[in-house]
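This report concerns only the one structure given below.
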Amino acid sequence: MGDDGIGVTVAERLAGEPLPAGVAVVEAGTIGLGLLDLWQGYERVWLVDAVRMGRSPGSWRWLDAADLLCLEPGGFDAHAGPAGVLQLAMALDALPQEFSLLAVEPGLVERRMGLSMAGRRGVAAALAELRRRLECGE
1 MGDDGIGVTV AERLAGEPLP AGVAVVEAGT IGLGLLDLWQ GYERVWLVDA
51 VRMGRSPGSW RWLDAADLLC LEPGGFDAHA GPAGVLQLAM ALDALPQEFS
101 LLAVEPGLVE RRMGLSMAGR RGVAAALAEL RRRLECGE
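Each residue of the sequence shown is one higher than the one before, starting from 1 at the first, in full-length UniProt numbering.
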């Protein structure tokens, strides 16, 4: 799994913490088109995943739907054509009001157990950013 497990790790850790009312954490793994069903009824959706952006491993940034559609193939790693999922959601008017991806630059995405040191730093940074946004009511 390597650093491809960044999103899963963030979801597992965040799910174990007290969260504000109305906030749900779902570990979606490689759900692909199932995202369309998963985010129905939510006004705001934040995804967390490993994304190759050409940045320093472990660094992160927020991407919106337009940013994701512009990434080169292989940049966003949800294993089911994320650009296609987003395009379909837009065509069906099924995209949440606010959609953002907290993209974390992976270090190693080769088959291995556990995250790299950079991946662990990225998880810690992503958790800190999500907690900050939740505390600020963003």
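Just so it is clear, CB atoms sit at the ideal spot from N, CA and C, and this is done for glycine as well. Since we're looking at a predicted model, the values are computed, not measured.
In whole angstroms, what is the alpha-carbon distance linking Gly54 and Glu105? 8 Å
Tell me the DSSP bridge mates of Trp46? Ser100
Give me, in chain order, the residues of the same chain whose beta-carbon lies closer than 8 Å to that of Ile6; leave out the 5 immediate sequence neighbours on both sides. Val48, Asp49, Ala50, Val104, Pro106, Leu115, Gly119, Gly122, Val123 and Ala126
Going straight from the alpha carbon of Leu86 to that of Met113, what length do you get? C-alpha separation (whole angstroms): 30 Å.
Taking 6 Å as the limit between beta carbons, can you name the residues of its chain near Leu108, skipping five residues before and five after? Gly2, Asp3 and Ser116
Spatial distance of Glu129 from Gln40 (CA atoms): 24 Å
For Leu88 and Leu36, believed in contact at Cβ under 8 Å, the rounded distance: 7 Å
Taking a contact to mean a Cβ-Cβ separation below 8 Å, would you say Val8 touches Glu27 in this structure? yes
What are the boundary residues of the beta strand (DSSP E) that includes Leu63? Trp60 to Asp64
Determine the direct distance from the alpha carbon of Val25 to that of Pro18, and round the result to whole angstroms. 11 Å
I'd like to check one pair, Pro96 with Ala12: are the Cβ atoms closer than 8 Å? As written in the sequence, residue 12 is Glu, which differs from the Ala given in the question. No, Cβ-Cβ distance for Glu12 and Pro96 is not below 8 Å.
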